[in-house]
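Novice: Supplied in structure tokens, the structure appears directly below.
Numbering (this note's numbering), first residue to last: 44 to 242.
Following this line, the structure appears as structure tokens:
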């Protein structure tokens, strides 16, 4: 068993926070029009990271018994859309995971609705609210204040959590429901996109 990772004040961080801080070393480089500079300086896709935060957290919650999941179809307009249904079994998960649990409203939900609820308000770039939700754990721990990272903690945590973050991300993306969850997350993000004024 690996040595436990030291954290500020022994805090527990979510798998989403671990993926966030390690994104530059776990996700493919690039990002095209969605480029975002990771905490460790690499450029990755903010879209891929936002989707990954949700899917990896759903996988972590499911594997650890916090939720039950199932695939279903819901009718939207004239078509049936596949969704990943979610039922929260326990409350109190760490950070992003806890907030994603709360986004169920403690009733049967789905990844589309949970993503939309977690974002909470319309904006021109709602996926960034998901990144901010993961980053919030580091702000609360004093590891990143006003966008400035404590370099010692950043270097240590990104190295210490790299293997775990990569393993959870790969595990989540290999699940048979991963593509449904990804599409649901994209739809949930899209539901919070502010209408554009094209004058």
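Glycine included, every Cβ here is placed at the ideal spot set by N, Cα and C.
Fair warning: this is a prediction, and the values are worked out from it, not measured in the lab.
1) Assign residue 184 to one of three DSSP states: helix, strand, or coil.
2) Please list the segments of the alpha helix (DSSP H) lying wholly inside the segment 170–227, counting only runs of 4 or more residues, in order along the chain.
3) Smallest Cα separation from residue 137: which of 91, 184, 152?
4) Do residue 232 and residue 170 have their C-beta atoms within less than 7 Å of each other?
5) Please name the residue in 178, 221, 214, 223 whose C-alpha comes closest to that of residue 59.
6) Check this for me: beta carbons of residue 82 and residue 211, under 7 Å apart or not?
7) Please report how far the alpha carbon of residue 159 lies from the alpha carbon of residue 238, in whole angstroms.
8) When burial is assigned at 16 or more other CB atoms within 10 Å of the CB, is residue 176 buried or exposed?
9) Whole angstroms are fine: how far does the CA of residue 208 sit from the CA of residue 71?
Specialist: The structure says:
1) Within the chain shown, residue 184 is the residue found at index 141, counting from 1. DSSP, reduced to helix, strand and coil, places residue 184 outside both helices and strands of the structure shown, so it counts as coil.
2) 170–183, 194–203, 205–216
3) In the chain shown, the residue the question calls residue 137 occupies position 94. Comparing Cα-Cα distances from residue 137 to each of 91, 184, 152, the minimum goes to 184.
4) As a first step, residue 232 is located in the chain shown; it is residue number 189 there, counting from the start. As a first step, residue 170 is located in the chain shown; it is residue number 127 there, counting from the start. Closer than 7 Å, so yes.
5) Numbered from 1 along the chain shown, position 16 holds the residue referred to as residue 59. Residue 59 has its Cα closest to that of 178, out of 178, 221, 214, 223.
6) Here residue 82 refers to the residue found at position 39 of the chain shown. Here residue 211 refers to the residue found at position 168 of the chain shown. Remark: C-beta atoms of residue 82 and residue 211 do not approach each other more closely than 7 Å.
7) Numbered from 1 along the chain shown, position 116 holds the residue referred to as residue 159. Numbered from 1 along the chain shown, position 195 holds the residue referred to as residue 238. C-alpha separation (whole angstroms): 15 Å.
8) Stepping through the chain shown from its first residue, residue 176 is reached at position 133. By the 10 Å Cβ count, residue 176 comes out buried.
9) As a working mapping, residue 71 is identified with position 28 in the chain shown. As a working mapping, residue 208 is identified with position 165 in the chain shown. Answer to the nearest angstrom: the Cα atoms are 14 Å apart.
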